[in-house]
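With mature numbering (1 follows the signal peptide of the UniProt record, and there is no 0) applied, the sequence shown corresponds to residues -17 to -1, 1 to 509, in that order.
Cβ atoms here follow ideal geometry from the backbone N, Cα and C, with glycine treated the same way.
The next block holds one structure in the form of structure tokens; read it before the comments.
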Amino acid sequence: MLLLSLVLAALLSFSMGALPHEDFLQCLSLRSNDSSTISSVIYTRNNPSYSTVLESTIRNLRFNSTNTPKPLVIVTPSRTSHFQATIYCSRKHGLQIRTRSGGHDYEGLSYVAKVPFVVVDLVNFRSVDVDVENRVAWVQAGAILGEVYYRIAEKSRTLSFAGGVFYSIGVGGYISGGGFGLLFRKYGTGGDNVIDAQFIDVNGRILDRKSMGEDLFWAIRGGGGGSFGIVLAWKLKLVPVPATVTVFSVSRTLEQNATQLILRWQEIAHQLPDEMNPDVSMFSVNSTQDGRKTILASFSSLFLGTIDDLLPIMQQRFPELGLSRQDCYEMSWIESILYFNQLQNQPLEILLNRTFRNPLGGQYYKIKSDYVKEPISETALNGLFSRLSDEEASSAIIIFMAYGGIMDRIPEEATPFPHRAGNLYKIYYNVNWQEQDNVNSQKYIDWSRRVYNYMTPYVSKSPREAYANYRDLDLGSNNVGITSYTQASVWGRKYFKNNFDRLVQVKTKIDPENFFKHEQSIPPLH
């Protein structure tokens, strides 16, 4: 009892003057099986480490201003009982929970809320246990992809996980939104490669695939984070990669025939071998000829094989690009992760560094997405290039990411991620800016909206599809209070198409009182 009293006194001392959550802190102490450990993973606003912990994985600094709502308490659980206590006490005392694994939510919903809330940060829940013989790995949801790739490579250079490009993305959120990545045309999404999970529900039950049932196991592999409960760990299927892979990047300006190359790319990229991951990035640069702005298009890909295997394919399928041996680089799979993060010549250990480095530019940004079913005309492309030449777009980038491959052969209802057959490519729109220009952030956001509106005739329709992990509140959001099915379906069908209805059914069963919620969480039926 003496220890309990001391811990309780310490917890309460952190929150002097914050009476609304003193009861929450006392509840945490009483509910935890080990009061001494839970005190070490709680941060209130009066704790000197509070700001450091909160800001450690705020990836979009748009959501780190003095006006951004801050959590009353941050909990960084180190054992399952800490999760159970936090869920129980948050429910009891009327606080929302926001769960953060890597902090890459593009709208900050894993660490921002408009109501009193608690952040559950998974930074202490990130073990990676690799079983090479059985080609599986148990990965706790707070691990970043770099940690997963590194730990697999420690044991095998010819196995990997079908994960994302940027190494600092948290595994928990990545898979919860589906999981698009370098190997998706060969092996599917991250969610397609999950074979079990450890999950905690609103009642504090620890569930695995068998005990949760197939409907909930389906929903958590692409139905979006923060809707159903908290995933503690994933059991991942590891997939073979060759000892040698090839990467290439070929850049052309408009004056060097980039427009015609993009038109051709649209026709053939989705038909290239599954072993390729083709994309084309477009951004404005100053022309070397007269200093005026032009558009640079960079055609790049990973290829699961050697240069000698790749060149004949490109010469047959895309000779117009003129890919040469000098444009290509051979390396191991794990080295390609460094390459695509612009970390060439860095030691592999940098993948263990959770400090974010954005290879696409600024730390303040707005992201949007689209899916394309039919090639975009030259006239439409010219209109897009014109907008990329706007002053607000000086640091913007637009990427076409080819689909096809195995994605054409996996049913769209296999997981909640529905963007399968029929897509030529996905569009990623990124406008970013620097800190000194953040006072003008609205002009950049407005630019992204104008470009998105301009693209309306050329992209998917009914619904206009979007990728859940490229979260975009412009698509619609829930009320702070009760969210109607009709209201949520506005944005929900864009992310999940017809899978939205099944997600609502799962939500109604697992969390009927809608405890786990945010501006774009799946609602229960009332």
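Cα-Cα separation, residue i to residue j
{"i": "ARG403", "j": "PHE479", "result": "11 angstroms"}
{"i": "ALA252", "j": "ASP291", "result": "20 angstroms"}
{"i": "ARG14", "j": "ALA68", "result": "5 angstroms"}
{"i": "SER73", "j": "GLU130", "result": "31 angstroms"}
{"i": "ILE183", "j": "PHE66", "result": "8 angstroms"}
{"i": "GLY366", "j": "MET384", "result": "19 angstroms"}
{"i": "GLY464", "j": "GLN79", "result": "12 angstroms"}
{"i": "VAL111", "j": "PHE163", "result": "20 angstroms"}
{"i": "ASP391", "j": "PRO99", "result": "44 angstroms"}
{"i": "THR362", "j": "TYR441", "result": "11 angstroms"}
{"i": "THR35", "j": "GLY207", "result": "27 angstroms"}
{"i": "ARG62", "j": "PHE108", "result": "8 angstroms"}
{"i": "residue 544", "j": "GLY161", "result": "Lying before the first or after the last residue shown, residue 544 is absent from the chain, which here runs from -17 to 509."}
{"i": "PRO401", "j": "GLN254", "result": "20 angstroms"}
{"i": "ASN50", "j": "GLU418", "result": "15 angstroms"}
{"i": "ASP88", "j": "THR338", "result": "16 angstroms"}
{"i": "LEU279", "j": "ALA216", "result": "41 angstroms"}
{"i": "ARG83", "j": "PRO330", "result": "27 angstroms"}
{"i": "ARG300", "j": "ALA449", "result": "29 angstroms"}
{"i": "GLY(-1)", "j": "GLN181", "result": "Note on GLY(-1): pLDDT 44, under 50, position unreliable in the model; no value is reported."}
{"i": "GLY196", "j": "ARG235", "result": "51 angstroms"}
{"i": "TYR411", "j": "TYR435", "result": "11 angstroms"}
{"i": "CYS311", "j": "SER284", "result": "10 angstroms"}
{"i": "LEU(-16)", "j": "LEU8", "result": "Because LEU(-16) carries a pLDDT of 37, less than 50, the predicted location of this residue cannot be relied on, and the following value inherits that uncertainty. Each residue's Cα considered, the two are about 17 angstroms apart."}
{"i": "TYR453", "j": "ILE350", "result": "7 angstroms"}
{"i": "TRP201", "j": "ARG370", "result": "40 angstroms"}
{"i": "SER64", "j": "CYS10", "result": "13 angstroms"}
{"i": "ALA397", "j": "VAL103", "result": "29 angstroms"}
{"i": "SER264", "j": "ILE158", "result": "25 angstroms"}
{"i": "ASP484", "j": "TRP474", "result": "12 angstroms"}
{"i": "THR27", "j": "ASN461", "result": "28 angstroms"}
{"i": "THR20", "j": "SER472", "result": "42 angstroms"}
{"i": "LEU(-14)", "j": "ILE381", "result": "Confidence in LEU(-14) is poor, its pLDDT being 42 and thus under 50, which makes the residue's placement unreliable; the coordinate value appears in the next sentence. LEU(-14) and ILE381: Cα-Cα distance of roughly 55 angstroms."}
{"i": "GLY86", "j": "GLY205", "result": "17 angstroms"}
{"i": "ALA136", "j": "GLY174", "result": "21 angstroms"}
Beta-carbon proximity list for residue i, same chain, < 8 angstroms, skipping 5 on both sides
{"i": "PRO358", "result": "LEU246, GLN249, GLU250 and LEU407"}
{"i": "TYR132", "result": "SER143, PHE144, GLY146, TYR150, ILE317, ILE320 and LEU334"}
{"i": "GLN488", "result": "ASP198 and LEU508"}
Residues bridged to residue i [DSSP beta-bridge criterion]
{"i": "GLU313", "result": "THR229"}
{"i": "PHE383", "result": "VAL263 and ILE410"}
{"i": "SER12", "result": "Per DSSP, none; premise fails for SER12."}
{"i": "LEU37", "result": "None; LEU37 has no bridge partner."}
{"i": "ARG476", "result": "Partner(s): none; ARG476 has no beta bridge."}
{"i": "GLY153", "result": "ILE127"}
{"i": "LYS490", "result": "Answer by DSSP bridge pairing: none, since LYS490 is not bridged."}
{"i": "ALA415", "result": "Going by the sequence as given, residue 415 is Asn instead of Ala. Paired residue(s): TYR348."}
{"i": "LYS276", "result": "ASN269"}
{"i": "ILE25", "result": "VAL58"}
{"i": "TRP121", "result": "ASP112 and LYS218"}
{"i": "ILE183", "result": "ILE189 and ILE213"}
{"i": "ASP104", "result": "ARG83"}
{"i": "TYR354", "result": "LYS409"}
Own chain residues within Cβ distance below 7 angstroms of residue i, not counting five before or after
{"i": "GLU258", "result": "LYS169, PHE286, LEU287 and GLY288"}
{"i": "LEU304", "result": "VAL233, LEU244, PHE282 and MET297"}
{"i": "ASN421", "result": "TYR347"}
{"i": "GLU38", "result": "ASN47"}
{"i": "LEU219", "result": "VAL119, ALA120, VAL122, PHE144, ASN176 and VAL177"}
Environment of residue i [buried if 16+ CB atoms lie within 10 Å]
{"i": "LYS75", "result": "exposed"}
{"i": "ASP353", "result": "buried"}
{"i": "SER32", "result": "exposed"}
{"i": "SER22", "result": "buried"}
{"i": "HIS501", "result": "buried"}
{"i": "ASN117", "result": "exposed"}
{"i": "ILE493", "result": "buried"}
{"i": "VAL268", "result": "exposed"}
{"i": "GLY171", "result": "buried"}
{"i": "ASP273", "result": "exposed"}
{"i": "SER194", "result": "exposed"}
{"i": "THR469", "result": "exposed"}
Other residues of its chain near residue i: CB distance less than 6 angstroms, five sequence neighbours each side excluded
{"i": "residue 510", "result": "This structure gives no information on residue 510, because the portion of the chain shown stretches from -17 to 509."}
{"i": "PRO446", "result": "ARG476 and LYS477"}
{"i": "PHE46", "result": "GLY91 and VAL95"}
{"i": "VAL115", "result": "LYS138 and SER139"}
{"i": "VAL106", "result": "THR59 and GLY125"}
{"i": "TYR322", "result": "VAL230"}
{"i": "GLU395", "result": "PRO401 and ARG403"}
beta-carbon residue i near the ligand FAD non-hydrogen atom, thresh 7 angstroms
{"i": "ILE152", "result": "For the ligand FAD, the structure offers nothing, since it holds no ligand at all."}
Next item on the list: State whether the stretch 197 to 215 contacts the stretch 243 to 252, with contact taken as three or more CB pairs (one from each stretch) at a distance under 8 angstroms.
Entry: no
Note to self: Below 8 angstroms, how does it come out for the stretch 362 to 382 and the stretch 426 to 441: are there three or more Cβ pairs, yes or no?
What the structure shows: yes
Checklist line | the stretch 223 to 235 / the stretch 300 to 319 touching (three or more Cβ pairs under 8 angstroms) | finding: yes
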